[in-house]
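Participant:
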Amino acid sequence: MSEPAGPPPRLRPPPITRGEWALILVLVAIHFTHMVDFVIIMPLGKPLMDELRIGPPEFGLIVSAYAVAAGVAGLLASLVMDRFDRRSVLLAMYAGFGLSTLYCGLAPTYGHLLAARTLAGVFGGLAAVSIMAVIGDVFPPEKRGRATGAITSSFAVASIVGLPVGLLLADRYGRGAPFVALAVMSAGVWAVAAVRLPPVRGHLAHARRPAVAEFAAVVRHPTHRWTFLFSFFLILGTFTIGSFVAPYFTAVNGWTGEDLATVYLCAGVCTLVGMNVVGQLADRAPRLALFRVLGVGALVTGLVVTNLPPTPLWVAAAAMTAFMVFASGRMVPAQAMMLGAAEPRVRGAFMSLNTAVQHLATGVAPLVAGLLITVSEDGKTMTGFPLVGLVAAAAAAVSLVLAGRVRPAEAPTPESGPPEPERQEEVAAVAQ
Numbered sequence: 026m027s028e029p030a031g032p033p034p035r036l037r038p039p040p041i042t043r044g045e046w047a048l049i050l051v052l053v054a055i056h057f058t059h060m061v062d063f064v065i066i067m068p069l070g071k072p073l074m075d076e077l078r079i080g081p082p083e084f085g086l087i088v089s090a091y092a093v094a095a096g097v098a099g100l101l102a103s104l105v106m107d108r109f110d111r112r113s114v115l116l117a118m119y120a121g122f123g124l125s126t127l128y129c130g131l132a133p134t135y136g137h138l139l140a141a142r143t144l145a146g147v148f149g150g151l152a153a154v155s156i157m158a159v160i161g162d163v164f165p166p167e168k169r170g171r172a173t174g175a176i177t178s179s180f181a182v183a184s185i186v187g188l189p190v191g192l193l194l195a196d197r198y199g200r201g202a203p204f205v206a207l208a209v210m211s212a213g214v215w216a217v218a219a220v221r222l223p224p225v226r227g228h229l230a231h232a233r234r235p236a237v238a239e240f241a242a243v244v245r246h247p248t249h250r251w252t253f254l255f256s257f258f259l260i261l262g263t264f265t266i267g268s269f270v271a272p273y274f275t276a277v278n279g280w281t282g283e284d285l286a287t288v289y290l291c292a293g294v295c296t297l298v299g300m301n302v303v304g305q306l307a308d309r310a311p312r313l314a315l316f317r318v319l320g321v322g323a324l325v326t327g328l329v330v331t332n333l334p335p336t337p338l339w340v341a342a343a344a345m346t347a348f349m350v351f352a353s354g355r356m357v358p359a360q361a362m363m364l365g366a367a368e369p370r371v372r373g374a375f376m377s378l379n380t381a382v383q384h385l386a387t388g389v390a391p392l393v394a395g396l397l398i399t400v401s402e403d404g405k406t407m408t409g410f411p412l413v414g415l416v417a418a419a420a421a422a423v424s425l426v427l428a429g430r431v432r433p434a435e436a437p438t439p440e441s442g443p444p445e446p447e448r449q450e451e452v453a454a455v456a457q
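Its first residue numbered 26, the sequence shown is counted upward by one per residue in the working numbering.
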């Protein structure tokens, strides 16, 4: 009597080709500069407040302005983004980002810096939307986990290289130096991208409704609405902690910029490794289960970080590393899940709206944390951070529940999405 057949073996995901890796590296370079520009402002809080003679409320507005501007721009761009070649949109937005970042470095006053951060948020946010739309259009579902993991790992590389170098440049040449250096780097990356990025026009082949009607259709879709809500709580659960962790460690332990650079360096190295491991897992394991495992880890380690007493540098570095590994790692399956929730013909609009929601959460997070935190006049005592940890944990718990509502879109038909040959032709253009 023959034994019953076991479950069919899980198929090994197809390898990413050389042309696809070339495209990923270009997108990683663009996203890296965007992430450094976004995160460098937080550890520069003290020198900015000292030089510009501003207080914590004004500094909080600078941090929030970037995210809020990116969110509003993404909301408006969702009306028209799917009507243009992805390559053209990405290059135009990235050029504006580089000029805005240069403006940040040269801004002489608080008003100029606030305006510069707003412009950088607009262009940087739209560049980030374009990157994810390209990933969704060019890469099939069985490769998106690895591609998304590589893009998302830019945050870890920004922590490893961008933050320490930026802090050292600010200490030696002034608070504007990191932004000037980043603008120069962005110019070089833009030149490479202009040569290497292929046209991505498959989504233009479909008949389109009026922009407002298309926007309304994206918003009305039940899975899209659940995804937007999921995105909001996902980001809120991270940046309520991230926006004040550097000032908290500085106030509690009396650390210098070099100490903070050491913490970010250790956390970034481990996060980079972890993100790529998670990217491999996201193409093999069920993404919802993977997200929930990593999400629970982020929730627990967030509570640990926000309740640390005065502690040795290595202890804080270990706690911060664990939090960043879990918080960043969960974004890989989450982004892959969200990319799959929209059909290709509306993916640009969907990702614009989704990124707008994420930027809104990023802007709200420091405002919420700022209301809960109290800093003494001499800046040496900070209270209320454990309460911030509880708020972050609650938001993270909500995201764990909402993740189950993010469902993949139906398989594209010839009328609703570009056929697979078009994907391969777009990628092949990179290697030429």
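The beta-carbon is built from N, C-alpha and C at its ideal position, and this holds for glycine as well.
1) May I ask which residues mark the beginning and end of the alpha helix (DSSP H) holding Gly354?
2) If you drop the 5 nearest sequence neighbours on each side, which residues of the same chain put their C-beta closer than 7 Å to that of Thr126?
3) Taking the alpha-carbon positions, what's the Gln383 to Glu283 distance?
4) For Thr296, which three-state DSSP category applies?
5) Report back the beta-carbon spacing between Gly299 and Gly388 to the nearest angstrom; my notes put them in contact at under 8 Å.
6) Please tell me whether Met157 and Thr380 are closer than 9 Å, where the distance is taken between their beta carbons.
7) When the Cα atoms are used, what is the spatial distance from Met345 to Leu338?
8) Contact check, Gly149 vs Ala216 under 8 Å by CB: the rounded distance?
9) What separation, rounded to the nearest whole angstrom, lies between the Cα atoms of Ile41 and Val159?
10) Rounded to the nearest angstrom, what separates Asn278 and Ala102 at their Cα positions?
11) Helix, strand or coil, according to DSSP, for Thr173 in the structure here?
12) What do you get for Ala98, buried or exposed, if any count of 16 or more other CB atoms within 10 angstroms of its CB means buried?
13) DSSP has Thr263 in a bridge; who is on the other side?
14) Take Gly5 as the anchor and find which of Leu77, Glu83 and Met74 has the nearest alpha-carbon.
15) Chain B beta carbons: is any one of them nearer than 9 Å to that of Leu385?
16) Looking at C-alpha atoms only, which residue of Ala242, Pro358, Ile66 and Thr287 is the closest neighbour of Gly320?
17) Is there contact between the segment 414-430 and the segment 255-264, where contact requires at least three CB pairs shorter than 8 Å?
18) Given this structure, state the Cα-to-Cα distance separating Val88 from Ile266, to the nearest angstrom.
19) Need the endpoints of the alpha helix (DSSP H) that Ile398 sits in, please.
20) Under the three-state reduction of DSSP, which class applies to Met407: helix, strand or coil?
21) Going by beta carbon distance, what residues of the same chain come within less than 7 Å of Arg200, once the five residues before and after it are set aside?
22) Thinking just about the alpha-carbon of each residue, which of Phe316, Ala390, Met349 and Val186 is nearest to the one in Cys295?
23) Here's the rule: buried if 16 or more other CB atoms are within 10 angstroms of the residue's CB, otherwise exposed. What is Pro247?
24) Taking only three categories from DSSP, how would you classify Asn379?
25) Taking just the CA atoms, how far does Phe57 sit from Phe351?
26) Tell me the DSSP secondary structure of Glu368 in three-state form.
27) Given a threshold of 16 other Cβ atoms within 10 Å of its Cβ, counted over all protein chains shown, does Leu131 qualify as buried or as exposed?
28) Going straight from the alpha carbon of Leu324 to that of Thr399, what length do you get?
29) Work out the CA separation of Phe264 and Arg142 for me, nearest whole Å.
30) Compute the beta-carbon to beta-carbon distance between Phe274 and Val288, rounded to the nearest angstrom, for a pair I have assumed lies under 8 Å.
31) Find out if the Cβ-Cβ distance for the pair Leu397, Val413 is shorter than 9 Å.
32) Considering just the uninterrupted stretch of the alpha helix (DSSP H) at Asn278, what are its terminal residues?
33) Classify Pro203 as helix, strand or coil using the three-state DSSP reduction.
Facilitator: In terms of the structure at hand:
1) For this step, residue 354 is matched to residue 329 along the sequence shown. Looking at the DSSP string, the run of the alpha helix (DSSP H) that includes Gly354 is Leu338 to Gly354.
2) Reading the sequence shown from its first residue, position 101 is the one you call residue 126. Within the same chain, Thr126 has close Cβ partners Asp62, Ala145, Phe204, Leu207, Ala208 and Ser211.
3) Taking the sequence shown and counting its residues from 1, the one referred to as residue 383 is at position 358. Taking the sequence shown and counting its residues from 1, the one referred to as residue 283 is at position 258. Taking the straight line from one Cα to the other gives about 31 Å.
4) Position 271 of the sequence shown, counting from 1, holds the residue named residue 296. Of the three classes helix, strand and coil, the one that applies to Thr296 here is helix, per DSSP.
5) Numbered from its first residue, the sequence shown carries residue 299 at position 274. Numbered from its first residue, the sequence shown carries residue 388 at position 363. Incorrect: roughly 27 Å between the Cβ atoms, too far for contact.
6) Walking along the sequence shown from the start, residue 157 turns up at place 132. Walking along the sequence shown from the start, residue 380 turns up at place 355. Taking 9 Å as the Cβ cut-off, Met157 and Thr380 qualify as a contacting pair.
7) As a working note, residue 345 is residue 320 in the sequence shown. As a working note, residue 338 is residue 313 in the sequence shown. Taking the straight line from one Cα to the other gives about 10 Å.
8) One-based indexing of the sequence shown puts residue 149 at position 124. One-based indexing of the sequence shown puts residue 216 at position 191. The Cβ separation is near 18 Å, so there is no contact.
9) Working through the sequence shown from its first residue, we reach residue 41 at position 16. Working through the sequence shown from its first residue, we reach residue 159 at position 134. Cα-Cα distance, rounded: 15 Å.
10) As a first step, residue 278 is located in the sequence shown; it is residue number 253 there, counting from the start. As a first step, residue 102 is located in the sequence shown; it is residue number 77 there, counting from the start. Cα to Cα, the separation comes out at about 44 Å.
11) Within the sequence shown, numbered from 1, the residue matching residue 173 stands at position 148. Note: Thr173 maps to helix in three-state DSSP.
12) Position 73 of the sequence shown, counting from 1, holds the residue named residue 98. Label assigned to Ala98: buried.
13) Against the sequence shown, residue 263 aligns to sequence position 238. For Thr263, which the question treats as bridged, DSSP gives no partner whatsoever.
14) With the chain represented from 26 up to 457, any question about residue 5 goes unanswered, as that position is not in the structure.
15) Of the protein chains in this structure there is only one, and it is not chain B.
16) For the purposes of this step, residue 320 is taken as the residue at position 295 of the sequence shown. Looking at the Cα atoms, Pro358 is the closest of the given residues.
17) yes
18) Translated into the one-based positions of the sequence shown, residue 88 becomes position 63. Translated into the one-based positions of the sequence shown, residue 266 becomes position 241. In a straight line, the C-alpha of Val88 is about 14 Å away from that of Ile266.
19) Numbered from its first residue, the sequence shown carries residue 398 at position 373. Segment: none, Ile398 is in no alpha helix (DSSP H) and carries neither H nor E.
20) On the sequence shown, residue 407 is found 382 positions in, with the first residue counted as 1. In the structure shown, Met407 sits in a strand (DSSP, three-state: E or B).
21) Residue 200 sits at position 175 when you count from the first residue of the sequence shown. Result list for Arg200: Leu69, Pro72, Leu73 and Glu76, in chain order.
22) Your numbering for residue 295 matches position 270 in the sequence shown. For Cys295, the nearest C-alpha among the options comes from Met349.
23) In the sequence shown, residue 247 corresponds to position 222, counting from 1. The residue is exposed, with fewer than 16 neighbouring Cβ atoms inside 10 Å.
24) Here the question's residue 379 lines up with position 354 in the sequence shown. It is helical.
25) Counted from its first residue, the sequence shown places residue 351 at position 326. Counted from its first residue, the sequence shown places residue 57 at position 32. Each residue's alpha carbon lies about 19 Å from the other.
26) In the sequence shown, counting from the first residue as 1, residue 368 sits at position 343. Coil at Glu368, not helix or strand.
27) Counted from its first residue, the sequence shown places residue 131 at position 106. Flag for Leu131 reads exposed.
28) As a first step, residue 324 must be located in the sequence shown, where it is residue number 299. As a first step, residue 399 must be located in the sequence shown, where it is residue number 374. Going from the Cα of Leu324 to the Cα of Thr399 covers about 23 Å.
29) In the sequence shown, counting from the first residue as 1, residue 142 sits at position 117. In the sequence shown, counting from the first residue as 1, residue 264 sits at position 239. If I take the Cα positions, the gap works out to 18 Å.
30) Translated into positions along the sequence shown, residue 274 becomes position 249. Translated into positions along the sequence shown, residue 288 becomes position 263. 7 Å between Cβ atoms; contact.
31) Numbered from 1 along the sequence shown, position 372 holds the residue referred to as residue 397. Numbered from 1 along the sequence shown, position 388 holds the residue referred to as residue 413. Contact: yes.
32) Residue numbering aside, residue 278 sits at position 253 when the sequence shown is read from its first letter. It spans Val270 to Asn278 - the alpha helix (DSSP H) in which Asn278 sits, taken as one unbroken run.
33) Taking the sequence shown and counting its residues from 1, one reaches residue 203 at position 178. Reduced to three states, the DSSP call for Pro203 is helix.
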